[in-house]
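A.B. asks: Pasting a structure below so you can have a look.
Here it is, written out as structure tokens:
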């Protein structure tokens with residue numbers, strides 16, 4: 001059996017991310033129970049390609065979760081609740097509030113630059129308002145873009 005991220009990193013039990021806000025940026029996020037709002041934290045979906053992008057509470061659905069696996073894995077590693085594994089595979093900060101910055105489908109290098117760039121601009125403009133203290137940008141290295149080295 002694989003160790004959990006918390007176990008592998010030897011994160012002390014008292015460090016749970018409580019009252020910390022983390023942003024995760026990707027194209028699409030599924031409404032998976034491990035990254036959705038629960039009784040210990042709130043998760044907000046922010047569709048940054050919308051002109052009036054505002055955080056909306058993200059509730060879990062029953063799936064299937066057949067899209068957005070990259071964003072799901074990144075968000076779950078950072079702050080997944082471990083809901084489906086009864087907490088066994090919780091992320092590094094399972095009580096941190098999540099802001100999932102959904103840029104939209106990323107089919108071309110131009111999409112990547114414009115949409116992820118838009119998400120980064122939303123984060124720059126709003127991190128203080130929403131007290132976001134950490135950010136994870138989940139761009140795949142397989143895309144050929146000048147956005148990142």
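In the numbering used here, the protein residues as written are 1 to 149. No residue lacks a Cβ here, since even glycine has one placed at the ideal position from N, Cα and C. All figures in this text were calculated on a predicted structure; none of them were measured in a lab.
Are residue 132 and residue 21 touching if we call contact CB-CB under 8 Å?
C.D. replies: Taking the first residue of the chain shown as position 1, residue 132 is located at position 132. Taking the first residue of the chain shown as position 1, residue 21 is located at position 21. Contact flag set, yes.
A.B. asks: Where residue 56 and residue 12 are concerned, what is the direct C-alpha to C-alpha distance, given to the nearest angstrom?
C.D. replies: Position 56 of the chain shown holds residue 56. Position 12 of the chain shown holds residue 12. Distance between residue 56 and residue 12, taken at the CA atoms: about 31 Å.
A.B. asks: Measure the Cβ-Cβ separation of residue 34 and residue 82 and say whether it is below 8 Å.
C.D. replies: Looking up residue 34 in the chain shown gives position 34. Looking up residue 82 in the chain shown gives position 82. Cβ atoms of residue 34 and residue 82: closer than 8 Å.
A.B. asks: My understanding is that residue 171 touches residue 103, with C-beta atoms under 8 Å, so please give their C-beta distance in whole angstroms.
C.D. replies: Here the chain comprises residues numbered 1 to 149, so residue 171 is not present and cannot be evaluated.
A.B. asks: Quick one: does the C-beta of residue 73 sit closer than 7 Å to a heavy atom of the ligand FAD?
C.D. replies: This structure does not include the ligand FAD; it has no bound ligands of any sort.
A.B. asks: When the Cα of residue 41 is compared with those of 16, 112, 67, which residue comes out closest?
C.D. replies: Residue mapping note: residue 41 aligns to position 41 of the chain shown, counting from 1. The candidate whose alpha carbon is nearest that of residue 41 is 16.
A.B. asks: Who does residue 134 pair with in a DSSP beta bridge?
C.D. replies: The sequence position of residue 134 within the chain shown is 134, counting from 1. Beta-bridge pairing links residue 134 to 22.
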